[in-house]
Amino acid sequence: MNKKKGRDEIVHRLSSFLYIEGGLEVDVAVIIKKNVFKVIGKSGKQFIIKRHAQKNIVDQQWQFFNNFSNKPVVPFVAFPNGRKIIKENNQFWTIAPFIEGGHLNYRYRRDRESAVATLKNFHDRAENIYIEQPLIKNNIIIRWYKRLEAFKKINNVFAKYGLKNLHKDIVQTTVNQFYLLSHYSWDDYDYSGRKEGTWIHGDVASHNFIKNNADEVFMIDFDLLECTSPIYDYIQLGQRFLPYINWNLDELFSYRMVHDEEYKLWLAAINVPSDLMRETLHIISAKPAAVGNHLKQMEKQWIRRKEFSNYTNKVIQ
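Residue -17 is where the sequence shown starts when you use the numbering used here, and the numbers rise one by one after that.
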(Lines of atoms letter the chains of each structure in order from A and count residues from 1; the text may use other names and numbers.)
(Lines give C-alpha, C1' and ligand atoms only; values in the text may rest on other atoms or scores of the structure.)
Protein backbone atom coordinates (compact mmCIF):
# COMPACT_ATOMS: atom_id res chain seq x y z
CA MET A 1 0.00 0.00 0.00
CA ASN A 2 2.78 2.44 0.94
CA LYS A 3 4.64 1.66 -2.28
CA LYS A 4 1.53 2.38 -4.35
CA LYS A 5 0.92 5.59 -2.40
CA GLY A 6 4.49 6.67 -3.08
CA ARG A 7 4.07 6.06 -6.82
CA ASP A 8 0.79 7.98 -6.81
CA GLU A 9 2.49 10.95 -5.15
CA ILE A 10 5.29 10.91 -7.75
CA VAL A 11 2.76 10.84 -10.58
CA HIS A 12 0.73 13.66 -9.02
CA ARG A 13 3.80 15.87 -8.60
CA LEU A 14 4.93 15.08 -12.15
CA SER A 15 1.54 15.98 -13.61
CA SER A 16 1.51 19.31 -11.78
CA PHE A 17 5.11 20.05 -12.83
CA LEU A 18 4.43 19.23 -16.49
CA TYR A 19 1.43 21.56 -16.57
CA ILE A 20 3.13 24.48 -14.82
CA GLU A 21 6.47 24.29 -16.64
CA GLY A 22 5.54 22.67 -19.95
CA GLY A 23 1.89 23.53 -20.49
CA LEU A 24 1.04 19.84 -20.77
CA GLU A 25 -2.30 18.82 -19.30
CA VAL A 26 -1.92 15.23 -18.13
CA ASP A 27 -4.81 12.78 -17.94
CA VAL A 28 -2.79 9.65 -17.11
CA ALA A 29 0.84 9.19 -16.05
CA VAL A 30 2.58 5.84 -15.57
CA ILE A 31 6.09 5.07 -14.34
CA ILE A 32 7.86 2.89 -16.93
CA LYS A 33 11.24 2.75 -15.16
CA LYS A 34 13.44 5.05 -13.17
CA ASN A 35 13.42 8.53 -14.78
CA VAL A 36 11.05 7.47 -17.60
CA PHE A 37 7.29 8.01 -17.65
CA LYS A 38 4.48 7.44 -20.12
CA VAL A 39 1.82 10.14 -20.08
CA ILE A 40 -1.48 10.61 -21.86
CA GLY A 41 -2.50 14.22 -22.33
CA LYS A 42 -6.03 15.58 -22.09
CA SER A 43 -6.03 15.58 -25.91
CA GLY A 44 -5.46 11.81 -25.93
CA LYS A 45 -1.93 12.03 -27.31
CA GLN A 46 0.65 9.76 -25.69
CA PHE A 47 4.18 10.82 -24.82
CA ILE A 48 7.35 9.61 -23.13
CA ILE A 49 8.68 11.97 -20.48
CA LYS A 50 12.29 11.50 -19.42
CA ARG A 51 14.36 13.02 -16.62
CA HIS A 52 18.06 13.71 -17.32
CA ALA A 53 20.89 14.61 -14.97
CA GLN A 54 23.18 16.33 -17.52
CA LYS A 55 21.98 19.19 -19.71
CA ASN A 56 24.89 18.92 -22.16
CA ILE A 57 23.71 15.43 -23.14
CA VAL A 58 20.20 16.76 -23.76
CA ASP A 59 21.49 19.77 -25.71
CA GLN A 60 23.54 17.52 -27.98
CA GLN A 61 20.51 15.37 -28.74
CA TRP A 62 18.38 18.40 -29.55
CA GLN A 63 21.02 19.74 -31.96
CA PHE A 64 21.29 16.33 -33.61
CA PHE A 65 17.52 15.90 -33.94
CA ASN A 66 17.27 19.34 -35.53
CA ASN A 67 19.62 18.13 -38.28
CA PHE A 68 18.27 14.60 -38.70
CA SER A 69 15.49 13.88 -41.15
CA ASN A 70 12.64 11.57 -40.20
CA LYS A 71 12.78 7.82 -39.45
CA PRO A 72 14.04 5.69 -37.78
CA VAL A 73 14.70 8.14 -34.95
CA VAL A 74 12.11 9.05 -32.32
CA PRO A 75 13.24 12.60 -31.49
CA PHE A 76 12.39 14.97 -28.70
CA VAL A 77 9.58 17.42 -29.41
CA ALA A 78 8.77 20.72 -27.79
CA PHE A 79 6.35 20.88 -24.87
CA PRO A 80 2.94 22.45 -25.63
CA ASN A 81 4.16 25.84 -24.40
CA GLY A 82 7.08 25.71 -26.86
CA ARG A 83 9.85 24.94 -24.38
CA LYS A 84 12.32 22.26 -25.48
CA ILE A 85 13.58 21.45 -21.99
CA ILE A 86 11.99 22.06 -18.61
CA LYS A 87 14.03 22.10 -15.41
CA GLU A 88 13.56 21.32 -11.74
CA ASN A 89 16.25 20.98 -9.05
CA ASN A 90 19.09 20.67 -11.57
CA GLN A 91 17.26 17.92 -13.42
CA PHE A 92 16.17 18.33 -17.02
CA TRP A 93 13.03 16.95 -18.59
CA THR A 94 12.26 16.14 -22.22
CA ILE A 95 9.21 14.92 -24.09
CA ALA A 96 9.02 12.57 -27.08
CA PRO A 97 6.18 10.81 -28.95
CA PHE A 98 5.15 7.42 -27.61
CA ILE A 99 5.42 4.62 -30.17
CA GLU A 100 2.78 1.95 -29.76
CA GLY A 101 4.41 -1.44 -30.23
CA GLY A 102 6.99 -3.75 -28.70
CA HIS A 103 10.75 -4.10 -28.33
CA LEU A 104 12.78 -6.25 -30.67
CA ASN A 105 13.99 -9.55 -29.25
CA TYR A 106 17.43 -10.76 -30.38
CA ARG A 107 16.33 -14.32 -29.70
CA TYR A 108 14.59 -14.23 -33.09
CA ARG A 109 16.46 -13.95 -36.38
CA ARG A 110 13.83 -11.69 -37.93
CA ASP A 111 14.33 -9.20 -35.11
CA ARG A 112 18.10 -9.38 -35.44
CA GLU A 113 17.76 -8.67 -39.16
CA SER A 114 15.41 -5.77 -38.37
CA ALA A 115 17.93 -4.31 -35.93
CA VAL A 116 20.75 -4.42 -38.50
CA ALA A 117 18.56 -2.93 -41.25
CA THR A 118 17.32 -0.16 -38.95
CA LEU A 119 20.80 0.64 -37.72
CA LYS A 120 22.15 0.82 -41.27
CA ASN A 121 19.28 3.13 -42.19
CA PHE A 122 20.15 5.33 -39.23
CA HIS A 123 23.85 5.47 -40.14
CA ASP A 124 23.04 6.28 -43.78
CA ARG A 125 21.12 9.34 -42.59
CA ALA A 126 23.35 10.26 -39.66
CA GLU A 127 26.22 11.68 -41.70
CA ASN A 128 27.34 15.19 -42.59
CA ILE A 129 25.75 16.36 -39.35
CA TYR A 130 27.82 18.99 -37.57
CA ILE A 131 26.79 20.63 -34.32
CA GLU A 132 28.34 23.14 -31.95
CA GLN A 133 30.62 21.55 -29.36
CA PRO A 134 29.82 17.84 -29.77
CA LEU A 135 30.66 15.80 -26.70
CA ILE A 136 34.07 14.22 -27.26
CA LYS A 137 34.84 10.99 -25.43
CA ASN A 138 38.03 8.98 -25.00
CA ASN A 139 38.56 6.38 -27.69
CA ILE A 140 37.06 2.99 -27.07
CA ILE A 141 40.31 1.34 -25.96
CA ILE A 142 40.82 3.88 -23.19
CA ARG A 143 37.21 3.43 -22.06
CA TRP A 144 37.58 -0.34 -22.06
CA TYR A 145 40.87 -0.10 -20.18
CA LYS A 146 39.21 1.96 -17.44
CA ARG A 147 36.41 -0.61 -17.30
CA LEU A 148 38.99 -3.38 -16.95
CA GLU A 149 40.65 -1.55 -14.06
CA ALA A 150 37.26 -1.30 -12.30
CA PHE A 151 36.58 -4.97 -13.04
CA LYS A 152 39.92 -6.03 -11.51
CA LYS A 153 38.81 -4.51 -8.21
CA ILE A 154 35.81 -6.83 -7.83
CA ASN A 155 37.83 -10.06 -7.69
CA ASN A 156 36.64 -10.50 -4.08
CA VAL A 157 33.05 -10.82 -5.34
CA PHE A 158 34.03 -13.68 -7.63
CA ALA A 159 36.05 -15.29 -4.82
CA LYS A 160 32.97 -15.19 -2.59
CA TYR A 161 31.19 -17.48 -5.05
CA GLY A 162 34.18 -19.72 -5.68
CA LEU A 163 34.84 -18.19 -9.10
CA LYS A 164 38.25 -16.63 -8.57
CA ASN A 165 39.69 -18.42 -11.61
CA LEU A 166 36.85 -17.16 -13.80
CA HIS A 167 37.66 -13.57 -12.86
CA LYS A 168 41.35 -14.17 -13.55
CA ASP A 169 40.58 -15.70 -16.96
CA ILE A 170 38.35 -12.79 -18.01
CA VAL A 171 41.03 -10.27 -17.02
CA GLN A 172 43.78 -12.14 -18.87
CA THR A 173 41.62 -12.60 -21.98
CA THR A 174 40.90 -8.87 -22.02
CA VAL A 175 44.59 -8.00 -21.72
CA ASN A 176 45.41 -10.39 -24.59
CA GLN A 177 42.73 -8.82 -26.79
CA PHE A 178 44.04 -5.35 -26.04
CA TYR A 179 47.36 -6.46 -27.48
CA LEU A 180 45.66 -7.56 -30.71
CA LEU A 181 43.73 -4.29 -30.89
CA SER A 182 46.93 -2.28 -30.52
CA HIS A 183 47.67 -3.08 -34.17
CA TYR A 184 44.78 -0.85 -35.26
CA SER A 185 44.52 2.93 -35.11
CA TRP A 186 41.33 3.67 -33.24
CA ASP A 187 42.08 7.38 -33.14
CA ASP A 188 41.89 7.37 -36.95
CA TYR A 189 38.39 5.92 -36.78
CA ASP A 190 37.31 8.58 -34.31
CA TYR A 191 38.89 11.38 -36.34
CA SER A 192 37.34 10.13 -39.58
CA GLY A 193 33.91 9.98 -37.98
CA ARG A 194 34.13 13.53 -36.65
CA LYS A 195 35.50 14.81 -39.96
CA GLU A 196 32.63 13.22 -41.90
CA GLY A 197 30.00 14.14 -39.32
CA THR A 198 28.89 10.54 -38.77
CA TRP A 199 27.03 9.52 -35.61
CA ILE A 200 26.35 6.38 -33.62
CA HIS A 201 23.48 5.54 -31.31
CA GLY A 202 25.78 4.15 -28.62
CA ASP A 203 23.41 1.64 -26.97
CA VAL A 204 22.01 -0.91 -29.42
CA ALA A 205 20.27 -3.07 -26.83
CA SER A 206 17.10 -4.68 -28.17
CA HIS A 207 14.89 -2.53 -25.93
CA ASN A 208 16.04 0.58 -27.82
CA PHE A 209 14.41 -0.70 -31.02
CA ILE A 210 10.61 -0.41 -31.11
CA LYS A 211 8.47 -2.12 -33.76
CA ASN A 212 5.08 -0.48 -34.23
CA ASN A 213 1.83 -2.08 -35.33
CA ALA A 214 2.76 -1.51 -39.00
CA ASP A 215 6.05 -3.43 -38.52
CA GLU A 216 8.11 -0.23 -38.77
CA VAL A 217 11.13 -0.17 -36.47
CA PHE A 218 12.21 2.96 -34.62
CA MET A 219 15.18 3.79 -32.40
CA ILE A 220 14.81 5.44 -29.01
CA ASP A 221 17.03 6.68 -26.15
CA PHE A 222 19.96 8.61 -27.62
CA ASP A 223 21.71 9.47 -24.36
CA LEU A 224 24.92 7.80 -25.62
CA LEU A 225 24.80 9.49 -29.03
CA GLU A 226 28.30 10.23 -30.31
CA CYS A 227 29.98 11.69 -33.38
CA THR A 228 32.38 8.92 -34.42
CA SER A 229 32.71 5.85 -36.67
CA PRO A 230 29.62 3.62 -37.16
CA ILE A 231 31.77 0.54 -36.52
CA TYR A 232 31.34 1.01 -32.78
CA ASP A 233 27.60 0.33 -32.98
CA TYR A 234 28.29 -2.86 -34.92
CA ILE A 235 30.92 -4.05 -32.44
CA GLN A 236 28.34 -3.78 -29.69
CA LEU A 237 25.57 -5.30 -31.81
CA GLY A 238 27.77 -8.28 -32.67
CA GLN A 239 28.46 -8.84 -28.98
CA ARG A 240 24.75 -8.70 -28.23
CA PHE A 241 23.84 -11.16 -31.02
CA LEU A 242 26.38 -13.88 -30.24
CA PRO A 243 24.67 -15.50 -27.22
CA TYR A 244 21.50 -15.87 -29.30
CA ILE A 245 23.21 -17.47 -32.31
CA ASN A 246 25.21 -20.02 -30.29
CA TRP A 247 28.47 -18.18 -30.96
CA ASN A 248 28.30 -19.15 -34.64
CA LEU A 249 30.77 -17.12 -36.71
CA ASP A 250 29.15 -17.92 -40.06
CA GLU A 251 25.79 -16.67 -38.86
CA LEU A 252 27.39 -13.54 -37.42
CA PHE A 253 28.95 -12.89 -40.85
CA SER A 254 25.55 -13.39 -42.51
CA TYR A 255 24.27 -10.08 -41.10
CA ARG A 256 26.88 -8.14 -43.13
CA MET A 257 27.34 -5.47 -40.50
CA VAL A 258 30.71 -4.11 -41.69
CA HIS A 259 32.73 -3.84 -44.88
CA ASP A 260 35.05 -6.70 -45.81
CA GLU A 261 38.18 -4.69 -45.00
CA GLU A 262 36.87 -4.07 -41.48
CA TYR A 263 36.15 -7.68 -40.47
CA LYS A 264 39.45 -8.36 -38.71
CA LEU A 265 39.28 -5.22 -36.60
CA TRP A 266 35.56 -5.81 -35.90
CA LEU A 267 36.10 -9.39 -34.68
CA ALA A 268 39.14 -8.48 -32.62
CA ALA A 269 37.05 -5.84 -30.83
CA ILE A 270 34.03 -8.13 -30.39
CA ASN A 271 36.32 -10.58 -28.58
CA VAL A 272 37.01 -8.04 -25.84
CA PRO A 273 34.52 -9.03 -23.09
CA SER A 274 33.70 -5.37 -22.50
CA ASP A 275 29.97 -6.07 -22.46
CA LEU A 276 30.39 -8.78 -19.85
CA MET A 277 32.43 -6.48 -17.60
CA ARG A 278 29.94 -3.63 -18.05
CA GLU A 279 26.97 -5.81 -17.13
CA THR A 280 28.72 -7.34 -14.11
CA LEU A 281 29.79 -3.97 -12.72
CA HIS A 282 26.25 -2.68 -13.19
CA ILE A 283 24.63 -5.62 -11.42
CA ILE A 284 27.02 -5.43 -8.48
CA SER A 285 26.22 -1.73 -8.12
CA ALA A 286 22.47 -1.70 -8.85
CA LYS A 287 21.19 -5.23 -8.17
CA PRO A 288 23.37 -6.87 -5.49
CA ALA A 289 20.78 -9.57 -4.78
CA ALA A 290 21.15 -10.82 -8.37
CA VAL A 291 24.96 -11.12 -8.33
CA GLY A 292 25.12 -14.84 -7.47
CA ASN A 293 22.79 -15.93 -10.25
CA HIS A 294 24.49 -13.60 -12.73
CA LEU A 295 27.93 -15.06 -12.02
CA LYS A 296 26.66 -18.64 -12.32
CA GLN A 297 25.19 -17.86 -15.74
CA MET A 298 28.39 -16.10 -16.73
CA GLU A 299 30.45 -19.15 -15.82
CA LYS A 300 28.35 -21.30 -18.17
CA GLN A 301 28.52 -18.80 -21.04
CA TRP A 302 32.21 -18.05 -20.62
CA ILE A 303 33.26 -21.52 -21.82
CA ARG A 304 31.47 -21.05 -25.15
CA ARG A 305 32.60 -17.47 -25.45
CA LYS A 306 36.24 -18.41 -24.85
CA GLU A 307 36.03 -21.08 -27.56
CA PHE A 308 34.63 -18.51 -29.99
CA SER A 309 37.35 -16.03 -29.09
CA ASN A 310 40.16 -18.55 -29.55
CA TYR A 311 38.77 -19.68 -32.88
CA THR A 312 38.17 -16.21 -34.35
CA ASN A 313 41.57 -14.97 -33.23
CA LYS A 314 43.12 -17.73 -35.36
CA VAL A 315 40.84 -16.80 -38.29
CA ILE A 316 41.88 -13.14 -38.31
CA GLN A 317 45.62 -13.68 -37.89
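Ideal placement from N, C-alpha and C gives every residue a C-beta, glycine not left out.
The structure displayed is predicted, hence computed values, not measured ones.
Query raised in the report: Between Met239 and Leu130, which are expected to be in contact by the criterion C-beta below 8 Å, what is the C-beta distance as a whole number of angstroms?
Result: In fact, because the Cβ distance is near 25 Å, the residues do not count as touching under 8 Å.
Using a 10 Å radius around the Cβ and a threshold of 16 neighbouring Cβ atoms, would you call Ile30 buried or exposed?
buried
Following the continuous alpha helix (DSSP H) through Asp106, name the residue where it begins and the one where it ends. 91 to 107
When you compare only the Cα positions, how much space is there between Arg65 and Asp93?
-> 36 Å
CA nearest to the CA of Leu207, picked from Ile285, Val273, Gly175 = Gly175
Would the beta-carbon of Gln154 fall within 8 Å of that of Asn253?
no
Exercise for review: Would you tell me roughly how many angstroms separate the C-alpha atoms of Asn17 and Trp75, rounded to the nearest one?
Suggested key: 9 Å
Of the listed residues Val199, Met201, Glu178, Ser236, nearest to Pro300 (C-alpha basis):
Outside the shown range of the chain, which is -17 to 299, sits residue 300, and nothing can be said about it.
Original post:
Is the beta carbon of Phe46 sitting closer than 8 Å to the one on Arg107?
Top reply: no
Original post:
For Arg287, does the count of other Cβ atoms within 10 angstroms reach 16, so buried, or fall short, so exposed?
Top reply: buried
Specify, as a first and last residue, the run of the alpha helix (DSSP H) that Asp172 falls within.
168 to 178
- Query: In terms of alpha-carbon separation, which member of Lys15, Met201, Asn230, His264 lies closest to Tyr293?
  - Reply: Asn230
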